[in-house]
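*Asks:* One structure coming up, written as structure tokens, with questions to follow.
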Amino acid sequence: MNKTIRIDPVTRIEGHAKVFINLDDNGNLENAGLVVNELRGFEKILIGMEADRMPHITARICGVCPTAHHIAASNALDNAAGVKAPPAALLLRELMYMGHIIHSHSLSIFVLQGPDLVMGLDADPAVRNVVGIVQANPELAKIALRLRTIGQKINEMVGGRGTHPVTSVAGGITFVLDQEKKKIIQEWITEARSMLPGVVPAVKGLLLNALDKHPAMLNDWVAPSWGLGTVLNDRVSLIEGQLRAIDETGATMIEFGVEDYDKYLVESVVDWSYMKKVHFNLNGLHEYRVGPMARMNAMRRFGTEMADAEYAEFAKLGGSPCHLTVFQTYAKLVETIWAIERADEILNDAAIWGETRVPVTFKGGRGVGHVEAPRGTLIHDYEIDEKGIIRAANLIVATQQNYAIINRSIEQAAQSHVIGKTDDAALLNAVEFSIRCYDPCLSCATHAVGRMPLEVVITRGGETVKTIRR
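Going by this note's numbering, the sequence shown opens with residue 62, and the numbers climb by one from there.
Here's what the structure looks like:
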């Protein structure tokens with residue numbers, strides 16, 4: 062008889078979702094997927110609002126990646142008004158964003174994925190959490206949480222608020238750097254750099270140890286796909302540049318400005334989830350990924366010493382381009398190194414002391430902007446009337462673009478760790494770990510309050526065989 066396995070909800074991700082795994086009468090996999098069960102709403106909420114409020118309103122879409130929406134909205138408004146923010150403003154926006162990357166990647170690596178790496182996939186859920194990390198490896202936990210704090214402090218100082226920044230506006234930024242603030246930020250960056258010699262080998266060691274214990278993650282959790290990332294002067298860039306699409310081999314297929322995204326990115330609805338899929342449309346529809354690993358696959362150069370050296374090690378271990386699901390964690394680590402180095406460069410760039418705003422007038426029309434969010438490419442598209450009011454909005458978030466590849470990874474994890482296995486712990490957590498590798502942010506795509514129990518229901522022929530709760 063057919064059997065369905067459900068994980069509801071998935072834990073240690075941003076937002077609420079559940080997983081289904083359908084088996085046929087012989088116990089073979091039929092299909093599997095991530096179900097996002099709240100309704101998306103912000104594209105409708107924004108209609109009728111003043112355009113110049115978008116950086117502040119959209120930052121509230123998510124408490125984990127508000128800075129990504131804040132800057133994407135600012136870029137869209139700059140383009141709608143036909144202005145370019147001054148060099149100092151772009152540098153300060155980017156400095157804020159480097160703090161955001163440090164904070165977000167540290168959260169993902171150490172708090173969301175860390176318990177699986179430190180405690181093991183099969184550890185007791187009672188200890189497989191951030192408290193367990195503190196107890197098992199207090200020094201690593203101390204450094205990791207401090208690194209996250211430094212990123213948030215940089216974001217807060219430049220952005221005005223830590224969680225929902227307010228300083229980036231149409232035409233520039235309201236924050237002005239002075240010598241006292243520079244001194245404080247420099248001390249934070251110097252402290253962060255001093256942590257890297259301890260953090261980098263520790264994370265790599267935990268990851269390689271997990272692969273040694275679970276070789277299927279190295280051999281079977283492989284998802285070749287196209288990739289999309291932003292290029293500026295042929296380097297990784299996060300807040301400005303052209304979008305570059307590559308195929309499975311790493312060959313560049315096309316580069317284009319974000320204003321042309323709707324020529325290539327095709328959204329589609331599935332009947333079992335409130336989150337849309339996105340495919341890349343170029344000589345047919347292609348599944349693709351975005352995010353740290355996709356950015357590295359597309360660009361392969363950061364332009365800073367430590368990050369480029371670590372990327373070379375990444376390529377040796379994971380290949381170039383890399384399609385190993387678990388190496389998403391390593392890619393976040395490399396980007397964290399780069400964000401710290403890049404923040405140092407920005408802070409010591411003489412152009413940071415110039416004018417920070419230009420006048421802006423909205424005359425009606427379209428404004429499209431994007432950033433590379435921690436989880437991947439984020440696009441804001443606004444239709445603005447002659448009074449400066451939003452009349453239509455479209456937001457394409459990273460997790461939507463990774464949706465097809467996430468579902469493929471769920472199927473691979475089910476094959477390697479669930480089907481034919483009797484261990485409840487592996488059943489509950491291995492599939493979840495494969496999802497956490499993408500650091501999905503469901504609040505960016507869906508909006509509702511909900512409860513967070515975890516329940517896996519196994520049915521055969523419509524009858525419940527077993528229920529596992531925690």
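Using N, Cα and C, we set each Cβ at its ideal position, and we do this for glycine too.
1. Got a sec? Which residues, its chain only, sit under 6 Å from L178 by beta carbon, not counting five neighbours each side?
2. Can you round the beta-carbon distance between A129 and L439 to whole angstroms, since I take them to be within the 8 Å contact cut?
3. Note the first and the last residue of the continuous beta strand (DSSP E) segment covering Q303.
4. DSSP three-state label for S229, please.
5. CB I445 to CB G430, shorter than 8 Å?
6. May I ask you to list the residues that DSSP assigns as paired with Y349?
7. DSSP state of D442, grouped into three classes?
8. Identify every residue that forms a DSSP beta bridge with H431.
9. So, using beta-carbon positions, are P435 and S165 closer together than 8 Å?
10. Over what stretch of residues does the alpha helix (DSSP H) that includes E402 continue unbroken?
11. Straight-line CA distance for V510 to E91?
12. Quick one: grab the DSSP three-state call for N342.
13. Excluding the five sequence neighbours on either side, which residues of its own chain have a C-beta within less than 7 Å of the C-beta of E252, listed in chain order?
14. State the beta-bridge partners of V96 as determined by DSSP.
15. If A142 and A231 are in contact, beta carbons under 8 Å, what's the gap, nearest whole angstrom?
16. Please report how far the alpha carbon of G193 lies from the alpha carbon of F494, in whole angstroms.
17. For the segment 401 to 417 and the segment 244 to 263, state whether three or more C-beta atom pairs, one from each stretch, are separated by less than 8 Å.
18. Would you mind giving the Cβ-Cβ distance between M585 and I204, rounded to the nearest angstrom? I have them listed as a contact below 8 Å.
19. Using C-beta distances below 6 Å, list every residue in its chain close to H131, excluding the 5 sequence neighbours before and after it, in chain order.
20. Beta carbon of I457, beta carbon of V292: below 8 Å?
21. In this structure, how does DSSP classify A509 when only helix, strand and coil are distinguished?
22. Please state whether DSSP places F171 in a helix, a strand or coil.
23. Between T397 and S135, is the Cβ-Cβ spacing less than 8 Å?
24. Out of curiosity, what's the CA-to-CA distance linking F171 and L208?
25. Based on Cα-Cα distance, which residue from G94, N87, L238 and R418 lies nearest to M157?
*Replies:* If we stick to the structure as given:
1. L267 and A271
2. 5 Å
3. Q303 to I307
4. strand
5. no
6. W287
7. strand
8. I440
9. yes
10. In the DSSP assignment, E402 falls within the unbroken alpha helix (DSSP H) covering F388 to L408.
11. Residue placement at V510 is poorly supported in this model, since its pLDDT is 36, which falls under 50; the coordinates still yield a value, given next. Whole-angstrom Cα-Cα distance: 31 Å.
12. strand
13. I211
14. K79
15. Confirmed, Cβ separation roughly 6 Å.
16. 17 Å
17. yes
18. The structure shown does not extend to residue 585, since the chain is modelled only from 62 to 531, so the question has no answer here.
19. P116, A120, P226 and S229
20. no
21. Here A509 scores only 37 on pLDDT, less than 50, and its place in the model is too uncertain to base an answer on.
22. Correct three-state label for F171: helix.
23. No. Outside cutoff.
24. 10 Å
25. L238
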